[in-house]
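This report refers to the structure that appears directly beneath it.
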Amino acid sequence: MDLLQEALSYLMSSPKGILAGCIGLFGLLNLKSLPLFWHVRIFSAFFQQSKTSSLHDSSDILDLSQNLHTPLIFRPLITSTRCSILELDYVLHKSNSTYFTDLDVSRVHLLLALFKNGMAKLQKEENSNGNNKMVMPVLGGASASFRRAIPPFRKYDVVTRVLCWDEKWIYIVSWFVTTGSLGSVRRKKDEKISGPSGVGSKHEDGKQGHSESSKPVVPRSVYATSIAKYVVKAGSKTVKPESVMVASGLIPEGDSEEVKGMRANIEKGRLQALKYGRAFCELDGLHGEFDEDVDTLRSFRDLL
5 MDLLQEALSY LMSSPKGILA GCIGLFGLLN LKSLPLFWHV RIFSAFFQQS
55 KTSSLHDSSD ILDLSQNLHT PLIFRPLITS TRCSILELDY VLHKSNSTYF
105 TDLDVSRVHL LLALFKNGMA KLQKEENSNG NNKMVMPVLG GASASFRRAI
155 PPFRKYDVVT RVLCWDEKWI YIVSWFVTTG SLGSVRRKKD EKISGPSGVG
205 SKHEDGKQGH SESSKPVVPR SVYATSIAKY VVKAGSKTVK PESVMVASGL
255 IPEGDSEEVK GMRANIEKGR LQALKYGRAF CELDGLHGEF DEDVDTLRSF
305 RDLL
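Counting from 1 along the sequence shown, just add 4 to a position and that's the residue number in this note's numbering.
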C-alpha cells in the first residue's frame, strides 16, 4: 500500500509524472489495440483452451445434445470485449477494419474448443503413417456485413459457431451483439415458436407460424455479422470436415436408432445453412473479374 501511495505521489508531483500517468492510463484503456497485442490475445486463447478440458465426453454426446436441444457442433462460443479509443474511425465509431481482429480471437477459441482433441487424434494418425506434416485449420476467406455502429467504450459479445460444412470447407458464422443478449434472444424465439405454454403458435388460419419463405427478423442486439471458411490441412492434403468432426466426437458413430436420429438432426442443420456457405464461395469468382487491360482513373500513393 505504501508503495502504491509513493507511486501516486510521484506521478502527481511533477509534469513528467502526470504525463507518464496519462500515457499509462491511455495504454490501459487501449490495451487490445497496442502493437503486438493481437498476438498476445491469440496466445491467450491458446493458453485458455489448453487449460480447458474437453467440452464433452464421447459417451454422452447424445444426452448432452438432447438435453440442450442443440447439437454440440452448432453450439455457439462467446467472447466479450470492449471498443477502445484506438479502434475508432473518423466518425467516432468502431472502425470496420478492427472487427476482424476480434473475429480472429473468437474463431481461434471456437476451433480449439471444438476440434483440438480431434486434430490431435488425426495428427497421431498422420505421424504413425510417416507423415510429419502438421494437421491444422487454414483460413480461406472472411467477410463481414455491418448493421449498427458500435460506439466508443461499448462492451459487446462476439458469438461464434459452426454454420455448416461441405466436402472441403468448414463455414463459421460470428455475430457482434450487445453483451448478454444471446439468452434473451433465444427466450424470445422460443416464445414465438412454442408459446409460453410450450404449444406451437399458429396463425388464425391454423397454419404453423414462421414459414421458410418468411423474412427472418434481425434482433436489435446485432451490430454486425461475419462468415469465414476454414480448410483443415495435413501438409498439402485436405482433411474432410466430417472426418475432423467424427474424430472430435462431435458427430456420433454407430448404427443405433439414437445415433441415426442424432446424425439426421445434425445433417438437417447443416443442409439448412449450406446455402449461405455456397453463396459465400461464389464470391471466389470475383478473382477472375480482375482486368489488367483496363483504363484507370489515376494512381495515388498512400502515406506509408
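Just so you know, even glycine gets a beta-carbon here, dropped at the ideal spot from N, CA and C.
The continuous stretches of beta strand (DSSP E) do not include P155, and DSSP gives it neither H nor E.
V162 sits away from F78, with the two beta carbons spaced by 9 Å or more. Looking at the DSSP output, M140 sits in a beta bridge with K237. Beta-bridge partners assigned by DSSP to S147: I231. In this structure, the straight-line span from the alpha carbon of D93 to that of S99 is close to 5 Å.
For K98, the beta-bridge partners assigned by DSSP are L92. Distance from the Cα of V177 is smallest, within the candidate group G184, T183, A148, for A148. The shortest CA-to-CA distance from L96 to any of G134, N34, A117, P155 is the one to P155. With respect to the 9 Å criterion, K244 and E171 are classified as neighbours on the basis of their beta carbons. Taking the Cα of T182 as reference, the smallest distance to any Cα among L143, E91, T83, G253 is reached at T83. Under DSSP, S84 takes part in a beta bridge, and its partners are D161. For the pair of segments examined, the region 101-115 was found to touch the region 44-52: the number of CB pairs separated by less than 8 Å reaches three.
Under the three-state reduction of DSSP output, I255 falls in the coil class, being neither helix nor strand. In this structure, K159 is the residue among N121, K159, G144, P80 with its C-alpha nearest to the C-alpha of R86. F180 sits close to S230, with the two beta carbons spaced by under 9 Å. Selection D288, A153, V250 evaluated against V226 yields A153 as nearest (Cα-Cα). Here P19 is exposed: its Cβ has fewer than 16 other Cβ atoms, across all protein chains shown, within 10 Å. Contact check between the region 128-142 and the region 260-278: fewer than three CB pairs, one atom from each, fall below 8 Å, which does not count as touching. A Cβ-Cβ distance of about 4 Å is found for the pair G122 and A251, placing them in contact under the 8 Å criterion.
When DSSP states are grouped into helix, strand and coil, W42 belongs to the helix group.
Residue I270 holds the alpha-carbon nearest to the alpha-carbon of E246 among L301, I270, S240. Judged by beta-carbon spacing, P220 lies beyond the 9 Å limit of S185, meaning their Cβ atoms are not closer than that value.
Distance between T164 and D299, taken at the CA atoms: about 42 Å.
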